[in-house]
Amino acid sequence: MLAIDKCLYTSADAERCDCVLIIADQLHFIEFKTSETTRHANPGTCLDQLAASIRDFFDREIIQANETVYAYASVGFSKQIPQNGAHWRDQSVSLQQKIQQGASRPIRLRYCSESELQVK
Numbered sequence: 001m002l003a004i005d006k007c008l009y010t011s012a013d014a015e016r017c018d019c020v021l022i023i024a025d026q027l028h029f030i031e032f033k034t035s036e037t038t039r040h041a042n043p044g045t046c047l048d049q050l051a052a053s054i055r056d057f058f059d060r061e062i063i064q065a066n067e068t069v070y071a072y073a074s075v076g077f078s079k080q081i082p083q084n085g086a087h088w089r090d091q092s093v094s095l096q097q098k099i100q101q102g103a104s105r106p107i108r109l110r111y112c113s114e115s116e117l118q119v120k
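Numbering (full-length UniProt numbering), first residue to last: 1 to 120.
Printed below as a string of structure tokens:
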């Protein structure tokens, strides 16, 4: 595991995701959010942080073109609630657009937003 936010990057840099797990030749980017006052945390800020980290790793050629990249938003639902499929698709498309951000970054994205993570 490689700590990213406030470790690999200084706090002066734009926000990044919390960490990346390196399993064999796969990169698994993870952002953790919790919510104590609402039913669940908002994955929106997770997407920005995941996208910023993935963009930077791609631009530094740590991620190669057409490589599969795994992005996890662990959003801390207070209850076990299955995520709405349409909402998940919207998040996945939004993350892909945030990663591209004006430049072609051809990657295969696997996105997951859950209250519990199981990285296999």
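Note that beta-carbon positions come from the ideal geometry of N, C-alpha and C, so glycine has one too. From a predicted model like this one, the values you see are computed outputs, not experimental measurements.
Where does residue 93 land, buried or exposed, given buried means 16+ other C-beta within 10 angstroms? On the sequence shown, residue 93 is found 93 positions in, with the first residue counted as 1. By the neighbour-count rule (16 or more Cβ atoms within 10 Å), residue 93 is not buried but exposed.
Neighbourhood of residue 96 by C-beta, 6 Å cutoff - its chain only, sequence neighbours within 5 removed: Numbered from 1 along the sequence shown, position 96 holds the residue referred to as residue 96. Closer than 6 Å at the Cβ level, and outside the excluded window around residue 96, lie 109.
Compute the distance between the beta-carbons of residue 111 and residue 71, then report whether it is under 7 Å. Indexing the sequence shown from 1 puts residue 111 at position 111. Indexing the sequence shown from 1 puts residue 71 at position 71. Yes, these two residues count as a Cβ contact at 7 Å.
First and last residue of the alpha helix (DSSP H) that includes residue 92? Numbered from 1 along the sequence shown, position 92 holds the residue referred to as residue 92. Where residue 92 is concerned, the enclosing alpha helix (DSSP H) stretches over 85-100.
When burial is assigned at 16 or more other CB atoms within 10 Å of the CB, is residue 2 buried or exposed? Here residue 2 refers to the residue found at position 2 when the sequence shown is read from its first residue. Answer is exposed; the Cβ neighbour count stays below 16.
So, helix, strand or coil for residue 65, using DSSP? Counting from 1 along the sequence shown, the entry for residue 65 is found at position 65. DSSP places residue 65 in coil when its eight states are reduced to three.
Between the Cα of residue 54 and those of 99, 7, 34 and 15, spot the shortest distance and give me the residue it belongs to. Taking the sequence shown and counting its residues from 1, the one referred to as residue 54 is at position 54. When each option's Cα is compared against that of residue 54, the closest is 99.
Near residue 58, what residues of its chain come up, given a Cβ to Cβ distance below 7 Å and the 5 sequence neighbours on each side ignored? If you number the sequence shown from 1, residue 58 lands on position 58. Correct list, in chain order: 105 and 107.
Going by beta carbon distance, what residues of the same chain come within less than 6 Å of residue 79, once the five residues before and after it are set aside? Start at 1 with the first residue of the sequence shown, and residue 79 comes out as number 79. Any reading at residue 79 must be qualified, since the residue scores a pLDDT of 49, below 50, and its modelled position is unreliable; the value itself is stated next. No residues qualify anywhere along the chain.
Three-state secondary structure (DSSP) at residue 8? Looking up residue 8 in the sequence shown gives position 8. In this structure, residue 8 counts as coil in the three-state DSSP scheme.
Is it buried or exposed, residue 22, if we count other Cβ atoms within 10 angstroms and call 16 or more buried? On the sequence shown, residue 22 is found 22 positions in, with the first residue counted as 1. Exposed is the call here.
Of the listed residues 46, 24 and 20, nearest to residue 32 (C-alpha basis): As a working note, residue 32 is residue 32 in the sequence shown. Distances from the alpha-carbon of residue 32 to those of 46, 24 and 20 put 46 closest.
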